[in-house]
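**Q**
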Amino acid sequence: MEAETTTDIKWVLACYASDVPENGGACVKYEEEQIAVFNFTRRGEWFATQNLCPHKQQMVLSRGMIGSTGEECEPKVACPFHKKTFSLISGECLSGDEYQIKTYPVKLEGDKVYIGIRSTT
Amino acid sequence: MVNEKPTIVVVGNGMVGYKFCEKLVSKTDAYQVIVFGDEPRPAYDRVHLSEYFSGKTADDLLMNTLDWYSENNISLHLNDPVQEINPEAKTVHSLKGEVIKYDYLVLATGSSAFVPDIPGVEKEGVFVYRTIEDLELISAYAKNAKNGAVMGGGLLGLEAAKALIDLGLNETHVIEFAPRLMPRQIDQPGSTMLQMKLKELGLQIHLNKSTSEIAGEGKITALNFADDSSLPVDMLVISAGIRPRDELAKLAGLHVGNRGGIVVNEMMQTSDPSIFAIGECALHEGMIYGLVAPGYEMAEVVVSKITGGEREFHGFDMSTKLKLIGVDVASFGDPFINEPDCRTIALEDTSKGIYKRINITKDGKSLLGGVLIGDAEDYNMLLQTVKNNIALPPNPEDLILGTRGGESTEGGAGVMNLPEEALICSCESITKGAICCKVRDEGITTVDGIKKATKAGTGCGGCIPMVKDLVIGTMKEQGMYVKNVLCEHFDYSRQELMDLIKMNNVRSYDEALDHYGRGDGCEVCKPAVAAILSSLWNDLIVKQQPIQDSNDRYLANIQKGGTYSVVPRIPGGEITPEKLIVIGQVAQKYNLYTKITGGQRIDLFGAHVNDLPAIWEELIDAGFESGHAYGKSLRTVKSCVGSTWCRFGLQDSVSFAIEVEERYKGIRSPHKLKGGVSGCIRECAEAQAKDFGIIATEKGWNLYVCGNGGSKPQHAQLIAADVDKETCIKYLDRFLMFYIKTADPLARTATWLNKMEGGLSYLKNVVVNDSLGIGEQLEEEIQHLINSYHCEWTEVVRNPELRKQFSHFVNAPEEKDPTIEFDSMREQIKAKEW
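Here's what the structure looks like:
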């Protein structure tokens, strides 16, 4: 993968925008990690989270349905297994459980989709 | 700043101790609350303890999280039992050395398991059933045990027996000293019926057995009984009753009963007025209450006393309803009163395993109590009838037999006739008036809303059906428009939305959301709209990919571990040897687990998403088609072999099943659809358990509809008798299209019919007599769907763009998900446990 470095976020080329279905997700392999990237066409936004659903430890969030909830229209993804939903912004579980998933910043340059990996050092 | 507020110390963090805190902080924040618990975790739901073995975790069982305690400024000391109370100095002393001065002290120390004094109780392999720690010990020991026994056939004992069954012991025995099970709740015939049901479930029951010795060298190997018989077992769980934990109170000089329990008055005050006792440790008028609902009421009484209220405790109704190992058991009012003090009506049906008994006054005017085994659906209404002394109908037997002859009356009406003060939720003591008031004055119209606003239904949950009926009943009374909206994004019911989409020729989800919805949609409305679009236009399902359920998105069912299953269509269950061989070869090549399904086809499990197109390509080349097992659509039409081979067969059921399956395959519906065709009344195809069932007669075919297997089995009902094939299909066309157009999302045909006003006779009128005059239209609509059938997998396999979507990593399409792992079992693969 190509990589470019800014101060504390490393931007990694994940895939091409046209590879990710509209209003849907895809899974990106980054080193040993699996990252779910969501093309939220309806909102004109992109999001990324861990692909692992913490409920039953399944690598499936990229296959989940996305949508929004509440007055504020908080964007969310629903795990296909048991419909636990997670905020695409904060990673907080919205269906009442104490789970938290990792979220990543996403930026677009032309058709290229970059995911921001925060350096751990 | 410390301790300016008066202090309440709570000793014990069980369900009742917790409930006291919850009720207190919801009323006042004028007190500093300090809680001591001797267990390592905060209060958990002991009522549902046995669910720990059927997959719930300790966390799932918690009454509330640790954060809740800190958010409400409750200081919680876990693992720190109080050792001493000094009533003069008003202090408590904990094991870890905390000394706290209290203004009020609440003892909620609960009870411990009563262990009878039998030689050998100290042996390895003997347990009690009380805490999560006990469960962990039992569960660890059970791994090396074959046969287990539970001593005590009461409520808790049977729960413990369920736990042993769940742990996979070969044999589970229940030993009861009394001549019947649950001697405090049910009568002899009830016990006999319960025994019969439990035996079917693999439980061995021994009554009238007094255990004289627990035998074994160091660890238990057998139970010896007073009648000189013996039973070899590797483990024993003792559940012989409870003993109130009153030691602390006794030590402090508080008045305790001769047989245990801290004596309290109607304000739950002990002999020291600033010390209260609640729950199973409290002795009120000679009674220990071993249920959670009276404990909660006691907590309420103390909160009322502390905050200046006037609530008092005057005994508590011990009516209970529970599901024991899948069998409904209920007892209410006075279950044991006998003739000549009352009149008793009993119903015993050994074929269904149902026993019902009601005791009524001699004048036949009021209900006194009763017992229900096997079917406790009427429990709530019967209990309310006792509690509110509601006048009985002229034929009181209708209460347990149901009205016979004529259509049954609407279920919800009864609840609305209850008086305002009728207690609906006895766990939280919420009245009918309180619930209806929330609907009327605050406009709360959902069960969830009522739960939040009143806490009704948050305890055992048994009252939720009544709460729901009350909400709907009150709304109707208020002239509010009762409707089932899809979700927060659409203010329409499924049927309304379907009409809008059809009339305005809407072709995509986004278009529907733009015109009739708001926000960005969700996992509820997306698949519902997708199903509507499919039912109306029958477009290729993969074209609407991201609004499909995951199963529809990959045209396969997602399974544990993230792999998928593959189910080719095998119409009517008929398959050639050549095709069977192909299935075997494909399974072998892609390392798939194979199993025959309940619908007479073959399920192939464990396929990587990347392999799906290749697997299907091979199957399609051999002449298979998609089985639509992933869709809300027709699954299978099961058949028996029929007149072609069977010596009893009246008609060719296989040919008819194939014809019907081919006709309706691929049509999207609100939920899955299953069918069956039997060649004679022996009904080997189990057609009456299906959404539609056809059974051959001498003269033609009988058509049954709206049956269901699953968790709430229901027989399909006859709507047409002795009709020919063409008529049968015409009625089926109408029936299916009427269902597709009017049912709520995810409502099976049985649920749809149960909710339909007018019920079966209405449905029959629409389908058979065409009472709405829409018969022809329904037939045309379904014909359109039949004509536009396509095999979704064939289209994917032939389309490289669609095939590309079947990869796990978008940036490494060839790579499979490396986290997928399999175990092996009986020479095949098995998904790794999660």
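From first to last, the protein sequence lines stand for chains A and B. Using this note's numbering, the first residue of the first sequence is number 2, and each one after it goes up by one. Using this note's numbering, the first residue of the second sequence is number 286, and each one after it goes up by one. A virtual CB, placed ideally from N, CA and C, is assigned to each residue, including glycine. Note that the structure is predicted; figures quoted are calculated from it, not measured.
Tell me the DSSP bridge mates of A:Thr50?
**A** Residue numbering aside, residue 50 of chain A sits at position 49 when the first sequence is read from its first letter. Bridge partners of A:Thr50: A:Ala37, A:Thr104.
**Q** Out of curiosity, what's the CA-to-CA distance linking B:Met760 and B:Asp754?
**A** In the second sequence, the residue the question calls residue 760 of chain B occupies position 475. In the second sequence, the residue the question calls residue 754 of chain B occupies position 469. Each residue's alpha carbon lies about 10 Å from the other.
**Q** Chain A partners of B:Gly804, CB-CB under 8 Å?
**A** Your numbering for residue 804 of chain B matches position 519 in the second sequence. Within chain A, the residues near B:Gly804 are Gly68, Ser69, Thr70, Cys74.
**Q** Go through its chain and collect everything with a Cβ distance to B:Cys810's Cβ below 6 Å, but skip five positions before and after it.
**A** As a working note, residue 810 of chain B is residue 525 in the second sequence. Cβ within range, chain order: Leu771, Cys772, His774, Phe775.
**Q** Spell out the partners DSSP gives B:Asp345 in its beta bridges.
**A** Along the second sequence, one-based indexing puts residue 345 of chain B at 60. According to DSSP, which records beta bridges pairwise, B:Asp345 is partnered with nothing at all.
**Q** Compute the distance between the beta-carbons of B:His362 and B:Glu369, then report whether it is under 8 Å.
**A** Translated into positions along the second sequence, residue 362 of chain B becomes position 77. Translated into positions along the second sequence, residue 369 of chain B becomes position 84. Against a cut-off of 8 Å, the Cβ pair of B:Glu369 and B:His362 comes out as no contact.
**Q** Where DSSP assigns a beta bridge to B:His599, which residues make up the other side?
**A** Taking the second sequence and counting its residues from 1, the one referred to as residue 599 of chain B is at position 314. Paired residues: none, contrary to the question.
**Q** With H, G and I counted as helix, E and B as strand and the rest as coil, what does DSSP make of B:Asn993?
**A** Working through the second sequence from its first residue, we reach residue 993 of chain B at position 708. Strand, per DSSP.
**Q** Which partner residues of B:Gly438 appear in the DSSP bridge assignment?
**A** Residue mapping note: residue 438 of chain B aligns to position 153 of the second sequence, counting from 1. B:Gly438 pairs with nothing; no bridge assigned.
**Q** With DSSP as the reference, identify every bridge partner of A:Cys28, one or two as the case may be.
**A** As a first step, residue 28 of chain A must be located in the first sequence, where it is residue number 27. Looking at the DSSP assignment, A:Cys28 forms a beta bridge with A:Ala37, B:Phe1094.
**Q** In the DSSP assignment, find the beta strand (DSSP E) that holds B:Glu498 and state where it starts and stops.
**A** Reading the second sequence from its first residue, position 213 is the one you call residue 498 of chain B. Residues 496–500.
**Q** Look at the alpha carbon of B:Ile1059 and the alpha carbon of B:Lys1026, and state the distance between them as a whole number of angstroms.
**A** Your numbering for residue 1059 of chain B matches position 774 in the second sequence. Your numbering for residue 1026 of chain B matches position 741 in the second sequence. Taking the straight line joining both Cα atoms gives about 12 Å.
**Q** Find out if the Cβ-Cβ distance for the pair B:Ala562, B:Ala534 is shorter than 8 Å.
**A** Translated into positions along the second sequence, residue 562 of chain B becomes position 277. Translated into positions along the second sequence, residue 534 of chain B becomes position 249. Contact flag set, yes.
**Q** Can a CB atom of chain A be found closer than 8 Å to the CB of B:Ile735?
**A** The residue you call residue 735 of chain B lines up with position 450 of the second sequence. B:Ile735 does not count as touching chain A.
**Q** If distances are taken between C-alpha atoms only, which option among B:Lys787, B:Ala374, B:Asn349 comes closest to B:His800?
**A** Working through the second sequence from its first residue, we reach residue 800 of chain B at position 515. Here the closest residue by C-alpha is B:Lys787.
**Q** As an exercise, report each continuous beta strand (DSSP E) stretch of at least 3 residues that is fully enclosed by the region 731–801 of chain B, in chain order.
**A** none
**Q** Could you run through the region 44–62 of chain A and flag, in chain order, every residue whose CB is less than 7 Å away from some CB of chain B?
**A** Arg44, Lys57, Gln58, Gln59, Met60, Val61
**Q** What do you get for B:Ile881, buried or exposed, if any count of 16 or more other CB atoms within 10 angstroms of its CB means buried?
**A** As a working mapping, residue 881 of chain B is identified with position 596 in the second sequence. Answer is exposed; the Cβ neighbour count stays below 16.
**Q** Pop quiz: B:Ser1121 and B:Gly960 are said to be a contact at Cβ under 8 Å. What is the actual Cβ separation, rounded to whole angstroms?
**A** The displayed coordinates of chain B run from 286 to 1119. Any statement about residue 1121 of chain B would go beyond what the structure contains.
**Q** Which class does B:Asn432 belong to by DSSP, given the choice of helix, strand or coil?
**A** On the second sequence, residue 432 of chain B is found 147 positions in, with the first residue counted as 1. DSSP, read as helix, strand or coil, puts B:Asn432 in strand.
**Q** What residues match up with B:Gly546 in a beta bridge as DSSP calls it?
**A** By one-based count along the second sequence, residue 546 of chain B stands at place 261. According to DSSP, B:Gly546 bridges with nothing at all.
**Q** So that I know if they touch, is there some Cβ in chain C lying closer than 8 Å to that of B:Asn644?
**A** Any reference to chain C falls outside this structure, whose protein chains are A and B.
**Q** Which value, in whole angstroms, describes the spacing of the CA atoms of B:Asp663 and B:Glu682?
**A** Here residue 663 of chain B is taken as the residue at index 378 of the second sequence, counted from 1. Here residue 682 of chain B is taken as the residue at index 397 of the second sequence, counted from 1. Their backbone Cα atoms lie some 13 Å apart in a straight line.
**Q** Tell me, to the nearest whole angstrom, how far the beta carbon of B:Ile720 is from that of B:Val752; I am working on the premise that it is less than 8 Å.
**A** Along the second sequence, read from residue 1 onward, the residue named residue 720 of chain B stands at position 435. Along the second sequence, read from residue 1 onward, the residue named residue 752 of chain B stands at position 467. The C-beta distance from B:Ile720 to B:Val752 rounds to 6 Å, short enough to meet the 8 Å contact threshold.
**Q** Report yes if the C-beta of B:Glu662 is less than 7 Å from at least one heavy atom of the ligand GTP; otherwise report no.
**A** Among the ligands in the structure shown, none appear at all, so the ligand GTP cannot be discussed.
**Q** Compute the Euclidean distance between the alpha carbons of B:Gln489 and B:Gly382, then round it to the nearest angstrom.
**A** Walking along the second sequence from the start, residue 489 of chain B turns up at place 204. Walking along the second sequence from the start, residue 382 of chain B turns up at place 97. The alpha-carbon atoms of B:Gln489 and B:Gly382 are separated by roughly 49 Å.
**Q** Excluding the 5 residues flanking B:Leu380 on each side, which residues of the same chain have their C-beta closer than 6 Å to its C-beta?
**A** Here residue 380 of chain B refers to the residue found at position 95 when the second sequence is read from its first residue. Counting only residues of its own chain and dropping the five nearest sequence neighbours on each side, B:Leu380 has a CB closer than 6 Å to the CB of Asp365, Pro366, Gln368.
**Q** Counting only beta-carbon separations shorter than 8 Å, does A:Pro81 have a partner in chain B?
**A** Position 80 of the first sequence, counting from 1, holds the residue named residue 81 of chain A. For A:Pro81, the answer is yes, since a Cβ of chain B falls inside 8 Å of its Cβ.
**Q** Are the C-beta of B:Asn1096 and some C-beta of chain A separated by less than 8 Å?
**A** Reading the second sequence from its first residue, position 811 is the one you call residue 1096 of chain B. Yes, because at least one Cβ of chain A sits closer than 8 Å to the Cβ of B:Asn1096.
**Q** Over the uninterrupted beta strand (DSSP E) stretch that includes A:Lys113, give me the two end residues.
**A** Locating residue 113 of chain A in the first sequence gives position 112, where the first residue counts as 1. A:Lys113 -> beta strand (DSSP E) spans 113–119.
**Q** Taking 8 Å as the threshold (C-beta atoms), are B:Gly302 and B:Arg331 in contact?
**A** Within the second sequence, numbered from 1, the residue matching residue 331 of chain B stands at position 46. Within the second sequence, numbered from 1, the residue matching residue 302 of chain B stands at position 17. Result no, Cβ atoms of B:Arg331 and B:Gly302 do not sit closer than 8 Å.
**Q** Can you tell me whether DSSP reads B:Met467 as helix, strand or coil?
**A** Translated into positions along the second sequence, residue 467 of chain B becomes position 182. DSSP places B:Met467 in coil when its eight states are reduced to three.
**Q** Give the secondary structure of B:Ile1071 by DSSP, where H, G and I count as helix, E and B as strand, and everything else as coil.
**A** The sequence position of residue 1071 of chain B within the second sequence is 786, counting from 1. Note: B:Ile1071 maps to helix in three-state DSSP.
**Q** Once DSSP output is grouped into helix, strand and coil, what is the label at B:Lys386?
**A** Position 101 of the second sequence, counted from the start, is the residue given in the question as residue 386 of chain B. Taken through DSSP and simplified to helix, strand or coil, B:Lys386 comes out as strand.
**Q** Measure the alpha-carbon distance for B:Glu1106 versus B:Asn1039 and round it to whole angstroms.
**A** Position 821 of the second sequence, counting from 1, holds the residue named residue 1106 of chain B. Position 754 of the second sequence, counting from 1, holds the residue named residue 1039 of chain B. The straight-line gap from Cα to Cα measures roughly 43 Å.
**Q** Quick check: is the beta carbon of A:Lys30 nearer than 8 Å to any beta carbon in chain B?
**A** Within the first sequence, numbered from 1, the residue matching residue 30 of chain A stands at position 29. By this cut-off, A:Lys30 is an interface position.
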